[in-house]
Amino acid sequence: MTSFEVIIIGGLGGPSESSTQCFMVRPFDSNSVKSLCVDGGSGVGHIMDTIAVSNEELNVDDDEVNDDFHNYFKTLDWFRHDENNNYKYASSKRIKLMHNTSKQAQNNNPNIKVGFSNKLIEILNDKPTILQKAYSLYQGIESYYITHPHLDHINGMILNSPLMFERDLPSHKTLYGLEFTTDALQKHVFNDIIWPNLSNQDSSNLHIETLKESQVHKLRAFPNWEIIPFKLCHGTKVIDGSRVFSTVYVLRDKINKNAVIFFGDTDYNQHIDEKDTGYDLLNSFWEYLVNNIPLNEIRGIFIECSSACNYRDEQLYGHLSPQHLIDNLKDLHDKYNKKSKSEFDLNVIITHVKMVPTNTDPRITIIKELRTIAETIPELNGIKFYLALNKHRFIL
Ligand SMILES: [Zn+2]
Ligand SMILES: [Zn+2]
């Protein structure tokens, strides 16, 4: 039974400023524009791009290629070059190739689609322009659950925030996060220097609320849902080598018990004192899952894998590479297996790839590396790896 619709408003990890991490989540088949976002790296501009490709049948035999197609493939298209290495606009032939790449990355899964659902687009029918439709969807975002305050996870949310006070389409939103996130947003972003302090009064349209680690938080907008934040390690500070933190969120439907898991940036080394001796945060999160959520209730894990295998640990800067992710998934498998022996079927959706200037799209390199390594470990053969490609919709 499906519960969640996750729309990838941004699925990248920089360094390009385009399409950085933001997942819009709605109840599957909902009749409302209401949603929540996990992270806010991208915003209204990317919502517009996603509207533009909605309702499109991406037919590879179609010779007519319109602007929406160009739009859809904008980031895959960064890797275009012809035989003579000339930079040129994507031809329809090239777009077909890129579409095939996208289909390959998603294993032709029918529950992964492009753009918003037809039902949601119909709700927006009374809004004549894409900008108005996007503002209406923005108005429907009730809350943001921020994993950590790095710019690639908040920049769209910040730049869009004045829209909450827009005369014709005002809205109220709450920014949630663990203390290290909400403190930073209040002190260093909404401080009247970097950005206006839009949350300065109780009556304001913007609220910032701190969540407690590993405590259940009930969602006001979606009474059937609850969310639980857990702290993660994410690299070290340049200035003194102390730990930087991030968050993983478990979103759960209380009725049918389905859960979906969203990781913020995740260090390959999760020891809290970063000397391999302290408390391992990811290990304790896996323990929580095994003890509280049966595997068949986990509809999907959105997790970062920022760099390919040819990056050394010291070049990962607090992120995961395919080998580290596989090691963790094997660890998770062993923990579940100890509890009960069942098939380790899991949807793992890769996000936050850093768009480095290699000849091949690093997302394709990383997904291939993950599949290749997982094939060598029989216990992990039930895992399906997908890519959190921009403007794609996951029905989970
Ligand atoms: Zn990031
Ligand atoms: Zn980060």
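With this note's numbering as the guide, the letters of the sequence shown map in order to residues 1 to 396.
A virtual CB, placed ideally from N, CA and C, is assigned to each residue, including glycine.
Using a Cβ-Cβ cut-off of 8 angstroms (strictly less than) and excluding sequence neighbours within five positions of residue i, which residues of its own chain qualify?
| i | result |
| --- | --- |
| F285 | F230, L232, V248 |
| T277 | H271 |
DSSP puts residue i in a beta bridge; with which residues?
| i | result |
| --- | --- |
| C309 | The partner list for C309 (beta bridge, DSSP) is empty, contrary to what the question assumes. |
| P27 | F4 |
| Y144 | C37, L175 |
| G10 | C22 |
| A134 | DSSP output for A134 lists no bridge partner at all. |
| H392 | V114 |
| N347 | K384 |
| F190 | W195 |
| L251 | I227, V260 |
| H217 | I227 |
By the three-class DSSP mapping on this structure, what secondary structure does residue i have?
| i | result |
| --- | --- |
| I301 | strand |
| V290 | helix |
| S246 | strand |
| L206 | strand |
| E375 | helix |
| H424 | Residue 424 lies beyond the residue range present for the chain, which begins at 1 and ends at 396; the question has no answer from this structure. |
| A259 | strand |
| L58 | Because L58 carries a pLDDT of 49, less than 50, the predicted location of this residue cannot be relied on, and no value is offered for it. |
| S16 | coil |
| K339 | helix |
| L295 | helix |
From residue i to residue j, what distance separates their C-alpha atoms?
| i | j | result |
| --- | --- | --- |
| L131 | N107 | 32 angstroms |
| E379 | F344 | 7 angstroms |
| G300 | K113 | 15 angstroms |
| R399 | Y144 | With the chain covering only 1 through 396, there is no way to say anything about residue 399. |
| A110 | L396 | The displayed chain sequence assigns Pro, not Ala, to residue 110. Those two C-alpha atoms are separated by around 11 angstroms. |
| L332 | K218 | 27 angstroms |
| I193 | S161 | 15 angstroms |
| Q215 | N292 | 13 angstroms |
| V348 | F302 | 6 angstroms |
| L295 | T2 | 15 angstroms |
| G156 | Y311 | 29 angstroms |
| N381 | N328 | 15 angstroms |
| G177 | T266 | 16 angstroms |
| L282 | K391 | 29 angstroms |
| H172 | S35 | 12 angstroms |
| N66 | M48 | Residue confidence is low: N66 scores 48 on pLDDT, short of 50, so the model does not pin down where it sits. Its coordinate-derived value is still stated next. The alpha-carbon atoms of N66 and M48 are separated by roughly 16 angstroms. |
| H148 | D183 | 11 angstroms |
| Y268 | A259 | 24 angstroms |
| F28 | F4 | 5 angstroms |
| L12 | K341 | 35 angstroms |
| V60 | I121 | Residue confidence is low: V60 scores 42 on pLDDT, short of 50, so the model does not pin down where it sits. Its coordinate-derived value is still stated next. Near 23 angstroms, if we compare the C-alpha coordinates of I121 and V60. |
| H153 | S306 | 14 angstroms |
| T129 | D280 | 49 angstroms |
| S242 | G264 | 19 angstroms |
| E142 | V38 | 11 angstroms |
| L151 | I261 | 22 angstroms |
| T437 | I51 | Here the chain has residues from 1 to 396 only, and residue 437 is not among them. |
| I383 | N200 | 46 angstroms |
| D240 | K187 | 20 angstroms |
Which residues in the same chain have their Cβ closer than 7 angstroms to the Cβ of residue i, if we skip the five residues on either side of it in sequence?
| i | result |
| --- | --- |
| V244 | H234, G235, T236, K237, G318 |
| I399 | The shown model of the chain, from 1 to 396, leaves out residue 399, and the question about it has no answer. |
| L137 | V33, I47 |
Please classify residue i as buried or exposed, where buried requires at least 16 neighbouring CB atoms within 10 angstroms.
| i | result |
| --- | --- |
| V356 | exposed |
| Q104 | exposed |
| R167 | exposed |
| I367 | buried |
| K354 | buried |
| D253 | buried |
| P362 | buried |
Using 7 angstroms as the cut-off, classify the Cβ of residue i as near or not near the heavy atoms of ligand 4, replying yes or no.
| i | result |
| --- | --- |
| G13 | Ligand 4 is absent from the structure shown, which contains only ligand 1 and ligand 2. |
Counting only the same chain and skipping the five closest in sequence on each side, list residues whose C-beta sits under 6 angstroms from that of residue i.
| i | result |
| --- | --- |
| I298 | A259 |
| F394 | V6, I112 |
| Y438 | The structure shown does not extend to residue 438, since the chain spans only 1 to 396, so no value can be given for it. |
| E179 | T210 |
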